[in-house]
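Peer 1: If you're matching positions, the sequence shown starts at 243 in the working numbering and goes up one per residue.
Using N, Cα and C, we set each Cβ at its ideal position, and we do this for glycine too.
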Amino acid sequence: MFAPYIHSLSRSPLFTHSLNEHFHSLKHNMTKDIETTAEQGGGAEFSAKDYQDPPPAPLIDLEELTKWSLYRAAIAEFIATLLFLYVTVLTVIGYNVQTDPVKNTVDPDCGGVGILGIAWAFGGMIFILVYCTAGISGGHINPAVTFGLFVGRKVSLIRALLYMVAQCLGAICGCGLVKAFQKTYYNSYGGGANQLQDGFNKGTGLGAEIIGTFVLVYTVFSATDPKRSARDSHVPVCSLLSSINEPILIFESN
Numbered sequence: 243m244f245a246p247y248i249h250s251l252s253r254s255p256l257f258t259h260s261l262n263e264h265f266h267s268l269k270h271n272m273t274k275d276i277e278t279t280a281e282q283g284g285g286a287e288f289s290a291k292d293y294q295d296p297p298p299a300p301l302i303d304l305e306e307l308t309k310w311s312l313y314r315a316a317i318a319e320f321i322a323t324l325l326f327l328y329v330t331v332l333t334v335i336g337y338n339v340q341t342d343p344v345k346n347t348v349d350p351d352c353g354g355v356g357i358l359g360i361a362w363a364f365g366g367m368i369f370i371l372v373y374c375t376a377g378i379s380g381g382h383i384n385p386a387v388t389f390g391l392f393v394g395r396k397v398s399l400i401r402a403l404l405y406m407v408a409q410c411l412g413a414i415c416g417c418g419l420v421k422a423f424q425k426t427y428y429n430s431y432g433g434g435a436n437q438l439q440d441g442f443n444k445g446t447g448l449g450a451e452i453i454g455t456f457v458l459v460y461t462v463f464s465a466t467d468p469k470r471s472a473r474d475s476h477v478p479v480c481s482l483l484s485s486i487n488e489p490i491l492i493f494e495s496n
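This is the structure in structure tokens:
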């Protein structure tokens with residue numbers, strides 16, 4: 243009984259145009275990830291990509307020194323690193339205070355945030371600060387990340403050096419604020435610095451640091467890969483989980 247309606251609909255120009263557009267879109271989505279190279283005539287190459295590789299950053303770009311955006315990015319890195327060290331070091335010191343049986347400061351009602359809480363402090367701060375500074379400086383907040391991006395020709399030498407200086411100064415100022423506000427605890431617990439636990443040697447600690455830093459830099463490169471598309475919307479979540487898992491790995495061995 244529907245045959246006449248279907249027949250008349252199939253002859254409609256609007257229906258035919260919509261159907262053609264649908265098949266064209268479907269064909270494009272199925273083939274956009276396939277890169278094909280063919281030689282025809284004079285050896286011309288044809289490729290279909292859904293991304294564009296950015297050009298490598300110049301090794302030395304003196305023109306950057308005249309741009310305010312460079313110094314604004316360095317200031318963002320300074321502030322982000324300051325806040326990161328301030329919050330995370332205070333978290334570690336607070337955990338040590340709450341769980342120190344020698345100085346009898348153990349809180350019976352609260353066993354401290356634990357290693358997972360420290361990891362969430364590190365990962366949560368990285369997640370927030372990268373979100374805040376990604377559009378300004380790229381959200382490096384770590385000299386290892388900056389150095390890795392420099393080696394990958396993502397940033398110039400001038401920008402990399404300025405970022406590293408800003409990050410180190412921000413880290414120093416962040417720890418300085420912790421010491422200014424909690425001088426007694428800061429001195430008592432070594433500024434929140436990690437120490438090797440019993441049963442681990444220096445080689446194990448060094449290996450844990452290397453693996454943790456590798457995971458961090460690898461995640462950054464993966465999250466900023468131009469080949470990724472909207473279907474990889476899970477990458478920010480994976481970045482957060484990676485930044486949380488790394489402190490767990492480090493604190494388990496240190």
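I need the DSSP call for THR279, collapsed to helix, strand or coil.
Peer 2: Sequence index remark: in the sequence shown, residue 279 carries index 37 (1-based). At THR279 the pLDDT is 44, less than 50, meaning the model places this residue with poor confidence and gives no usable figure here.
Peer 1: Using the Cβ count rule (16 or more neighbours within 10 Å means buried), how would you classify PHE456?
Peer 2: Position 214 of the sequence shown, counting from 1, holds the residue named residue 456. It counts as exposed.
Peer 1: Mark VAL331 as exposed unless 16 or more other C-beta atoms lie within 10 angstroms of its C-beta, in which case mark it buried.
Peer 2: Along the sequence shown, one-based indexing puts residue 331 at 89. When all chains shown are included, VAL331 counts as buried.
Peer 1: Could you tell me the distance, in whole angstroms, from the CA atom of VAL355 to the CA atom of SER430?
Peer 2: The residue you call residue 355 lines up with position 113 of the sequence shown. The residue you call residue 430 lines up with position 188 of the sequence shown. Looking at the two C-alpha atoms, the distance is approximately 19 Å.
Peer 1: May I have the straight-line CA-CA distance separating LEU358 from GLY447, to the nearest angstrom?
Peer 2: Residue 358 sits at position 116 when you count from the first residue of the sequence shown. Residue 447 sits at position 205 when you count from the first residue of the sequence shown. Spanning the two alpha carbons is a distance of roughly 19 Å.
Peer 1: Write down the C-beta distance between TYR337 and ILE368 rounded to the nearest angstrom, noting that I regard them as a contact closer than 8 Å.
Peer 2: One-based indexing of the sequence shown puts residue 337 at position 95. One-based indexing of the sequence shown puts residue 368 at position 126. In fact, because the Cβ distance is near 18 Å, the residues do not count as touching under 8 Å.
Peer 1: What do you reckon, are the CB atoms on GLU319 and TYR405 nearer than 8 Å?
Peer 2: Along the sequence shown, one-based indexing puts residue 319 at 77. Along the sequence shown, one-based indexing puts residue 405 at 163. Yes, Cβ-Cβ distance for GLU319 and TYR405 is below 8 Å.
Peer 1: Just the Cα atoms here: how many angstroms apart are GLY377 and LEU438?
Peer 2: As a working mapping, residue 377 is identified with position 135 in the sequence shown. As a working mapping, residue 438 is identified with position 196 in the sequence shown. Rounded to whole angstroms, GLY377 to LEU438 spans 37 Å at the Cα level.
Peer 1: Using a threshold of 8 Å, state whether the C-beta atoms of ALA363 and VAL329 are closer than that.
Peer 2: By 1-based counting over the sequence shown, the position of residue 363 is 121. By 1-based counting over the sequence shown, the position of residue 329 is 87. The Cβ-Cβ distance between ALA363 and VAL329 falls below 8 Å.
Peer 1: The alpha helix (DSSP H) with LEU419 in it runs from where to where?
Peer 2: Taking the first residue of the sequence shown as 1, we reach residue 419 at position 177. Note, LEU419: alpha helix (DSSP H), 399-423.
Peer 1: Roughly how many whole angstroms lie between the Cα atoms of GLY525 and LEU411?
Peer 2: What is shown of the chain runs 243 to 496, which leaves residue 525 out entirely.
Peer 1: With 16 as the cutoff for other CB atoms within 10 Å, does ASN344 come out buried or exposed?
Peer 2: Here the question's residue 344 lines up with position 102 in the sequence shown. Rather than Asn, the amino acid found at residue 344 in this sequence is Val. When all chains shown are included, VAL344 counts as exposed.
Peer 1: Tell me, to the nearest whole angstrom, how far the beta carbon of PHE463 is from that of GLY365; I am working on the premise that it is less than 8 Å.
Peer 2: In the sequence shown, the residue the question calls residue 463 occupies position 221. In the sequence shown, the residue the question calls residue 365 occupies position 123. Here PHE463 is actually not in contact with GLY365; their C-beta atoms are around 18 Å apart, not less than 8 Å.
Peer 1: Please classify PHE326 as buried or exposed, where buried requires at least 16 neighbouring CB atoms within 10 angstroms.
Peer 2: In the sequence shown, the residue the question calls residue 326 occupies position 84. Buried is the call here.
Peer 1: Would you tell me roughly how many angstroms separate the C-alpha atoms of THR426 and LEU324, rounded to the nearest one?
Peer 2: The count along the sequence shown starts at 1 and reaches residue 426 at position 184. The count along the sequence shown starts at 1 and reaches residue 324 at position 82. Taking the straight line joining both Cα atoms gives about 21 Å.
Peer 1: Taking just the CA atoms, how far does ALA322 sit from LEU371?
Peer 2: As a working note, residue 371 is residue 129 in the sequence shown. As a working note, residue 322 is residue 80 in the sequence shown. Roughly 6 Å separates the two Cα atoms.
Peer 1: Suppose contacts are defined by Cβ-Cβ distances below 8 Å. Is LEU301 in contact with LEU399 by that definition?
Peer 2: As a working note, residue 301 is residue 59 in the sequence shown. As a working note, residue 399 is residue 157 in the sequence shown. Yes.
Peer 1: Check this for me: beta carbons of ILE317 and TYR428, under 8 Å apart or not?
Peer 2: If you number the sequence shown from 1, residue 317 lands on position 75. If you number the sequence shown from 1, residue 428 lands on position 186. Taking 8 Å as the Cβ cut-off, ILE317 and TYR428 do not qualify as a contacting pair.
Peer 1: Just the Cα atoms here: how many angstroms apart are GLY380 and ILE453?
Peer 2: Stepping through the sequence shown from its first residue, residue 380 is reached at position 138. Stepping through the sequence shown from its first residue, residue 453 is reached at position 211. Rounded to the nearest angstrom, the two C-alpha atoms are 23 Å apart.
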